[in-house]
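Visitor: Numbering (the working numbering), first residue to last: 8 to 74.
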Amino acid sequence: MENRLAEIRKIKKIGQGYLVEKLGVSRQTISSIENGRCTPSLELALDLADLLEVPIEEIFIHENKFR
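(1) Please state whether the Cβ-Cβ distance between Ile63 and Ile15 is less than 8 angstroms.
(2) Terminal residues of the continuous alpha helix (DSSP H) containing Lys17?
(3) Looking only at DSSP bridge pairs, what is Phe73 linked to?
(4) Based on Cα-Cα distance, which residue from Phe73, Lys29, Leu58, Arg74 lies nearest to Lys19?
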C-alpha cells in the first residue's frame, strides 16, 4: 500500500523520533512504513492519522480493486 507518511511528516516538521516516542514503536517500524516495506496495523494507521491531524485517507493510498 502506498503512503504519504514521510511527505506529510516533513510538511508538518515532525521527525521520526517524535512518532517513535508518541506511538511507542521503533524507528525501524516508521522507516519501513514510509518506504513501503510494511503496512501498519489498522490501529497504528489510525494513531498516525490522529497524531498528524489528517484523515487516514490522506496518508494511506488504497487502490480500490472493485471499481
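Glycine is no exception: its CB is placed at the ideal position from the N, C-alpha and C atoms. Source: prediction; values computed, not measured.
Guide: Based on what the coordinates show:
(1) The sequence position of residue 63 within the sequence shown is 56, counting from 1. The sequence position of residue 15 within the sequence shown is 8, counting from 1. Contact flag unset, no.
(2) Translated into positions along the sequence shown, residue 17 becomes position 10. 12-18 is the extent of the alpha helix (DSSP H) around Lys17.
(3) Numbered from 1 along the sequence shown, position 66 holds the residue referred to as residue 73. Per DSSP, none; premise fails for Phe73.
(4) Taking the first residue of the sequence shown as position 1, residue 19 is located at position 12. Measuring from the Cα of Lys19, the nearest candidate turns out to be Leu58.
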